[in-house]
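Residue numbers in the sequence shown follow this note's numbering, run continuously in steps of one, and reach 112 at the last position. Where a beta carbon is used, it is the ideal one built from N, C-alpha and C, also for glycine. Owing to the predicted nature of the structure, the values given are computational and were not obtained by experimental measurement. Notes for the one structure printed next.
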Amino acid sequence: MALLITKKCINCDMCEPECPNQAISMGEEIYVIDPWLCTECVGHYDTPTCMSVCPIDNTIVTDPAHNETREQLWEKFVLIHHAV
Numbered sequence: 029m030a031l032l033i034t035k036k037c038i039n040c041d042m043c044e045p046e047c048p049n050q051a052i053s054m055g056e057e058i059y060v061i062d063p064w065l066c067t068e069c070v071g072h073y074d075t076p077t078c079m080s081v082c083p084i085d086n087t088i089v090t091d092p093a094h095n096e097t098r099e100q101l102w103e104k105f106v107l108i109h110h111a112v
């Protein structure tokens, strides 16, 4: 699954620089995650770094609209970082 930033976001700027896929950007009011770039850090880290650095619990959650397996996330990582 891609991740989703909820309205609990306080715009602390902690998550955006931590994303290895540059999937996080400032939206109209809060940070947003591009589901086409989010791999939940598969290919980079064991756990999503944005969730690790977020100071507000349950602000970054799995996005039910983008259900993906670990294998699909890995394929997305390969396409993003190793496309020829």
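| Per DSSP, residue 59 is paired with what? | 54
| task | Just the C-alpha distance for residue 92 and residue 63, rounded to the nearest angstrom, thanks. | result | 11 Å
| Just how far apart, CA to CA, sit residue 78 and residue 43? | 5 Å
| query | Tell me, which residues are paired with residue 90 by DSSP? | reply | 31
| query | Which stretch, first to last residue, makes up the alpha helix (DSSP H) that contains residue 109? | reply | 98-110
| task | Tell me whether residue 87 is buried or exposed, calling it buried when 16 or more other Cβ atoms sit within 10 Å of its Cβ. | result | buried
| said: Below 8 Å on the Cβ atoms is my contact criterion, and I expect residue 31 with residue 66 to pass it. Report the Cβ-Cβ distance as a whole number of Å. | reply: 5 Å
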